[in-house]
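Residue numbers (the working numbering): -8 to 271. Heads up, the beta-carbon is just placed ideally off N, CA and C, and yes, glycines get one too. Source: prediction; values computed, not measured.
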């Protein structure tokens, strides 16, 4: 049953990027991130209350670092990038997440296997194909999305080193702290820039996918890691951008060039190859 829940999480993740893109005409990105954190914090708090989780003691210093890397700075970069890039481009860049983790592990631990080198070369090749090997064509949106991926994977790498009594409760702490920070930040933004106009349907979809959906996704991934392990869970997580591409085609009616399609397929093949290497 956990596999079914993971697929649903992937669908929500993919739809969320499209919904954020749809709301880019109506709301400031910082407001969308703040709304995401508020709803996610409430959803996670309600879930923990019903499942009778107890509060745990954690390092305030580590909590501040993790909250800013995984939630605040990551989403600031990601949401501004989504506003600037197409849904398909955002999906393609998100597929590079496992490759970025390989690079971070090499930087911090100074170790890399020949399988990792193969994955790294294929992943970078796929990315270069999507941009037609023209590095100068990279826009601010590309750099923001890549920065978000580095921050997110860096935060997750650090959290794996922590000895946590309850990962779900710790995630609630991170959401709560991120929510407070973003509320303070939004308070200093010109209110006329926060909300330009309101589209009711898009706003409700945002609440469901970005707020409640994010809390659901985080909970499912933590539970999946316990039930089926990190390798299989990471594999399902890395396939989420495929749903984004599908929704981009059917909802936003976006088109991909032949180079973008070939590059995307190379990156997806890299993900399957990574799962094959990891499951040996």
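Query	Result
Contact between the region 227 to 245 and the region 81 to 90 (3+ Cβ pairs under 8 Å)	yes
Nearest residue (CA-CA) to residue 134, options 107, 70, 226 and 177	70
Nonlocal neighbours in the same chain, by C-beta distance under 8 Å from residue 145, ignoring five residues either side	60 and 95
Straight-line gap, residue 181 to residue 19 (C-alpha atoms, nearest Å)	10 Å
Residue burial classification, residue 201 (beta-carbon count within 10 angstroms, cutoff 16)	buried
Status (buried if at least 16 other CB within 10 Å, exposed otherwise) for residue 178	exposed
Stretch pair the region 154 to 172 + the region 107 to 123: three plus CB contacts closer than 8 Å	no
Given residue 213 as reference, the closest of 151, 255 and 245 once Cα atoms are compared	151
Cβ neighbour criterion (16 or more within 10 Å) applied to residue 195	exposed
Short Cβ contact (8 Å threshold) for residue 89 with residue 225	yes
Residue 83 - containing alpha helix (DSSP H), residue span	78 to 85
Beta-carbon contacts of residue 257 that lie in its chain and below 7 Å, excluding the five residues immediately before and after	113, 116, 117 and 120
Helix, strand or coil at residue 179 according to DSSP, with G and I counted as helix	coil
Cβ distance (whole Å) where residue 140 is taken to contact residue 87 below 8 Å	6 Å
Selection from 229, 259, 158 and 240 that minimises the alpha carbon distance to residue 1	229
Rounded C-alpha distance that separates residue 243 from residue 49	43 Å
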